[in-house]
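One line per chain: the protein sequences are A and B, in this order.
The numbers in my numbering rise by one with no breaks, and the one at position 273 of the first sequence is 261.
The numbers in my numbering rise by one with no breaks, and the one at position 157 of the second sequence is 917.
For each residue, glycine too, the CB sits at the ideal point set by N, CA and C.
So the structure is just underneath, and the comments pick up after that.
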Amino acid sequence: MKKSVFLGTLAVAALAGGIAGASTLDDVKARGELNCGVNTGLVGFAAPDANGNWSGFDVALCKAVAAAVLGDPAKVKYVPTTGQTRFTALASGEIDMLARNSTWTFSRDTDLKLDFVGVNYYDGQGFMVRKESGITSAKELDGASVCIQTGTTTELNLADYFKANNITYQPITIDSNAEGEQQYLAGACDAYTTDASGLAATRAAFADPENHIILPEIISKEPLGPAVRHGDNQWGDIVRWTLNALIAAEEYGITSANIDELAKGTENPEINRILGVEGELGKMTGLDNDWAVRAIKAGGNYGEIFAATIGESTPIGLARGLNAQWTQGGLLYTPPFR
Amino acid sequence: MTSASDVPEHRFRLSQLIYDTRYRSLTIQVVTLMLVMAGAGWLIDNTIQNLHQLGKDFNFSFLGNRAGYDIGQQLIPYTNDNTHARAMLVGLLNTLWVSVLGCATATVLGVIIGVLRLSNNWLVGRLMTVYVETFRNIPVLLWILVSIALLTEVTPSPRDYKIDAATGAAKAEMILFDSIAFTNRYTAIPAVRFENSLGAIPTPLAPISLNFLALAAVLIASVWANRRLKAHAARVQETTGRRPVTWWKSLALLTVPFLGVFVALGGHLVEPALKGFNFTGGMNVSNAFVALWAGLSLYTAAFIAEIVRAGILAISKGQTEAAYALGLRPNRTMSLVVLPQALRVIVPPLISQYLNLTKNSSLAIAVGYMDLRGTLGGITLNQTGRELEAILLMMLIYLAVSLTISGLMNLFNNAVKLKER
Chain A
-11 MKKSVFLGTL AVAALAGGIA GASTLDDVKA RGELNCGVNT GLVGFAAPDA
39 NGNWSGFDVA LCKAVAAAVL GDPAKVKYVP TTGQTRFTAL ASGEIDMLAR
89 NSTWTFSRDT DLKLDFVGVN YYDGQGFMVR KESGITSAKE LDGASVCIQT
139 GTTTELNLAD YFKANNITYQ PITIDSNAEG EQQYLAGACD AYTTDASGLA
189 ATRAAFADPE NHIILPEIIS KEPLGPAVRH GDNQWGDIVR WTLNALIAAE
239 EYGITSANID ELAKGTENPE INRILGVEGE LGKMTGLDND WAVRAIKAGG
289 NYGEIFAATI GESTPIGLAR GLNAQWTQGG LLYTPPFR
Chain B
761 MTSASDVPEH RFRLSQLIYD TRYRSLTIQV VTLMLVMAGA GWLIDNTIQN
811 LHQLGKDFNF SFLGNRAGYD IGQQLIPYTN DNTHARAMLV GLLNTLWVSV
861 LGCATATVLG VIIGVLRLSN NWLVGRLMTV YVETFRNIPV LLWILVSIAL
911 LTEVTPSPRD YKIDAATGAA KAEMILFDSI AFTNRYTAIP AVRFENSLGA
961 IPTPLAPISL NFLALAAVLI ASVWANRRLK AHAARVQETT GRRPVTWWKS
1011 LALLTVPFLG VFVALGGHLV EPALKGFNFT GGMNVSNAFV ALWAGLSLYT
1061 AAFIAEIVRA GILAISKGQT EAAYALGLRP NRTMSLVVLP QALRVIVPPL
1111 ISQYLNLTKN SSLAIAVGYM DLRGTLGGIT LNQTGRELEA ILLMMLIYLA
1161 VSLTISGLMN LFNNAVKLKE R
């Protein structure tokens, strides 16, 4: 009798173990910590301060997901990844989600077996040069040395763009943004190319940002967004709808200031559904009904996060542009919460 | 009385597999083999299952796809329209190029330093000791990074060579009759061009220039003629006891035909000139390459120096004394008596150093030199997401390269080792 109970428990445990291994949500809950892959250091998007506290636009998303899943935005372990290591880190399970200005492309979504769950920043590739070089257009870069991070979409766009314009360049391959910054400042390259937002963030970290200009050409579409592993749809849904909740919160005027008031119930049924006052949306993803409240409280809605990390009042000074709400002429548009 | 029980039974018992020394070694080997095979099987099965779980397959067809990225340093023609396989080849050739140059430089430096470390001159000996100990005890990556830092921080950028309209002078000047320019990206050096080119043979790998083939043929013929000349001198010496003076004949044999063909082909040097952002016309040797080359050579040279020193010390002092007694000068004693004997001690560990240098060249990624690790193991791996295939392929290639080096060096070792008759 005892023996069979023991064996039965073992079998159930093994079965549970098998299931737990397949579900990222359970893994994260059991661990009590979200492993979030971020940039190794890009001011405004993801960078640690002197005390090792990470902050930034991408980091805010990690915090929101941690708050939604674990109830505490601080329960995140930030895993710095380079352009080369990021997808392997995700595929191997080292990180639960990737929030690292990564471009959503066809082959990454299909062949690399990643799931991009949305777009948190609509970007495009640009070039930065020294003001004293007198260059005003990317087409004047014939024969220039261009610093480029390896393993990125920008690397491929760069080759395509110079070929299309029938001009040549010398690629100087670098591994991380920090290395690119150093090489560019040392004069090892005439131009530095990456996503325009990344350029703005990099320039903001310079001692003399006014001596560098970002050229007007945007040579590609770079929809940057968080990614999860292919195959765990529940986890994908959680990250996707956490991002959507942040965007929708801005659209409906839910801010970190008024959220406690609104969470008591409002006249607007959509707000009620987002905040879990009405319906059972949270349960559908395997979370509780307050998930969105916690996510939005973690760093505010999308607009608040944008303004605090990369917006016009920050040194990075990015305008909302394409990243404004659809009601303001931008591209941010979430599916309905119902 | 005879007893039937005297005849022992020669029936094989299972316990003999463990207790009988005749069978035990076999048992252990069979069990070990089975364990190793089980381990390998488990690894492979696990990999297949995990890949399946990720929804990935295992195939190398990505090598035939368009690469789409550019490579800064290339020995064979390559554009971003070529395949990943060709990008891999470009990387492999870059790896081999820096390894071959590195091994050659390290050997020359190592032999000189190893010999000088045994010098009776106190200062020279100690200086070489300091060199060996510093380079041997600091990781090679740091030496590579120090080299690139020196190259990029100390040298001016190409635009510093531009003549300022206001002052009428440039911030930096080219050296050696305006032919060489050090910059923080590359060193611009003159390139060889031919007026009357013989053309080139197109091959799938790279077009082979007939000019260079012609020059190489002339050089080989000259070397062969020079050897005949020396053999002739040796014969004369054996019969008459007097060695004819050959140095000027050798010099003429080695240089005149070569220069003759060079001039006939209209060969001349094109000096680099600043045009736009960068120097064009000449050849730009990238700093990444120089840093990697210098780092690897200086580091490995320290090890080779120790090997050479050990080899020399292994030769009995009597050999040197005997050579001195015959009236040989110290440098001839070293090159004719000691070093040839020391080679049999030096060559086997030298093989390891060559292998190490070749493998260490994969640190190229630190300075942005596009070797095999940078192309196949870096960009291709990342753009295609084929980690397992790319890494496996890379391991196989490094294995093949290492085994080839080892094989060639063993042939050399067989040629120089002590002949026992």
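For the alpha helix (DSSP H) containing residue i, list its first residue and its last residue.
i, result
"Val53/A", "45 to 58"
"Asp805/B", "781 to 814"
"Tyr891/B", "882 to 896"
"Arg1104/B", "1099 to 1120"
"Val996/B", "970 to 1000"
"Leu901/B", "900 to 914"
"Ile202/A", "Here Ile202/A belongs to no alpha helix (DSSP H); instead the beta strand (DSSP E) covers 200 to 202."
"Ala188/A", "184 to 192"
"Phe325/A", "Unbroken run through Phe325/A: none, as it is neither H nor E."
"Ile1157/B", "1147 to 1176"
"Val16/A", "12 to 19"
"Asp148/A", "141 to 152"
"Ala312/A", "Looking at the DSSP string, Ala312/A is not in any alpha helix (DSSP H), and its letter there is neither H nor E."
"Gln170/A", "165 to 173"
Applying the 10 Å Cβ sphere with the 16-neighbour rule, what's the burial state of residue i?
i, result
"Thr1164/B", "exposed"
"Gly327/A", "For residue 327/A there is no data in the structure shown, the boundaries of chain A being -11 and 326."
"His812/B", "exposed"
"Ser785/B", "exposed"
"Ala1175/B", "exposed"
"Thr98/A", "exposed"
"Arg282/A", "buried"
"Leu1178/B", "exposed"
"Leu1168/B", "exposed"
Are residue i and residue j close, meaning C-beta to C-beta below 8 angstroms?
i, j, result
"His218/A", "Gly815/B", "yes"
"Ser208/A", "Asn153/A", "no"
"Val1105/B", "Gly1078/B", "no"
"Asp163/A", "Thr70/A", "yes"
"Glu210/A", "Thr254/A", "no"
"Ala951/B", "Gly1042/B", "yes"
"Ala1219/B", "Asp920/B", "Absent from the model: residue 1219/B. The displayed extent of chain B is 761 to 1181, so no value can be given."
"Ser1121/B", "Ser907/B", "no"
"Leu13/A", "Ile226/A", "yes"
"Val1068/B", "Val871/B", "yes"
"Leu212/A", "Asn89/A", "yes"
"Ile270/A", "Asn277/A", "Residue identity check: residue 270/A is Gly in the sequence provided, not Ile. Contact: yes."
"His844/B", "Leu823/B", "yes"
"Ile873/B", "Val850/B", "no"
According to DSSP, which residues form a beta bridge with residue i?
i, result
"Pro159/A", "Val134/A"
"Cys24/A", "Tyr66/A, Met85/A"
"Arg217/A", "Leu102/A"
"Glu292/A", "Per DSSP, none; premise fails for Glu292/A."
"Pro36/A", "Trp42/A"
"Glu1066/B", "Answer is none; Glu1066/B lacks a bridge partner."
"Arg826/B", "Thr843/B"
"Asn246/A", "Paired residue(s): none; Asn246/A is not in a bridge."
"Lys1009/B", "According to DSSP, which records beta bridges pairwise, Lys1009/B is partnered with nothing at all."
"Phe942/B", "Thr947/B"
"Leu1096/B", "BP columns for Leu1096/B are empty, so no partner."
"Tyr110/A", "Pro211/A"
"Ile923/B", "Ala930/B"
"Ile935/B", "Ile940/B"
"Tyr180/A", "Met116/A, Cys135/A"
Need the endpoints of the beta strand (DSSP E) that residue i sits in, please.
i, result
"Gln113/A", "113 to 118"
"His1028/B", "1027 to 1030"
"Val1045/B", "1043 to 1046"
"Val952/B", "951 to 954"
"Leu1039/B", "Correcting the residue type first, residue 1039/B is Phe in the shown sequence and not Leu. Unbroken beta strand (DSSP E) run through Phe1039/B: 1038 to 1040."
"Lys1035/B", "1033 to 1035"
With three or more C-beta pairs closer than 8 angstroms as the rule, is the segment 33 to 43 of chain A touching the segment 71 to 78 of chain A? No, the segment 71 to 78 of chain A does not touch the segment 33 to 43 of chain A.
So does the segment 908 to 915 of chain B actually touch the segment 935 to 954 of chain B, counting three or more Cβ pairs closer than 8 angstroms? yes
Three CB pairs or more closer than 8 angstroms across the segment 151 to 171 of chain A and the segment 825 to 841 of chain B: yes
Could you say if the segment 172 to 184 of chain A and the segment 107 to 120 of chain A meet the contact criterion of at least three C-beta pairs nearer than 8 angstroms? Touching, yes, given that three or more Cβ pairs across the two stretches are closer than 8 angstroms.
Between the segment 847 to 867 of chain B and the segment 1054 to 1070 of chain B, can you find at least three pairs of beta-carbon atoms closer than 8 angstroms? As far as the Cβ criterion goes, the segment 1054 to 1070 of chain B touches the segment 847 to 867 of chain B, which means the pair count is three or higher.
Tell me whether the segment 194 to 206 of chain A and the segment 786 to 798 of chain B touch, counting them as touching only if at least three CB pairs, one residue from each stretch, are closer than 8 angstroms. no
Using a Cβ distance threshold of 8 angstroms, determine whether the segment 39 to 59 of chain A contacts the segment 216 to 236 of chain A, with at least three qualifying pairs required. yes
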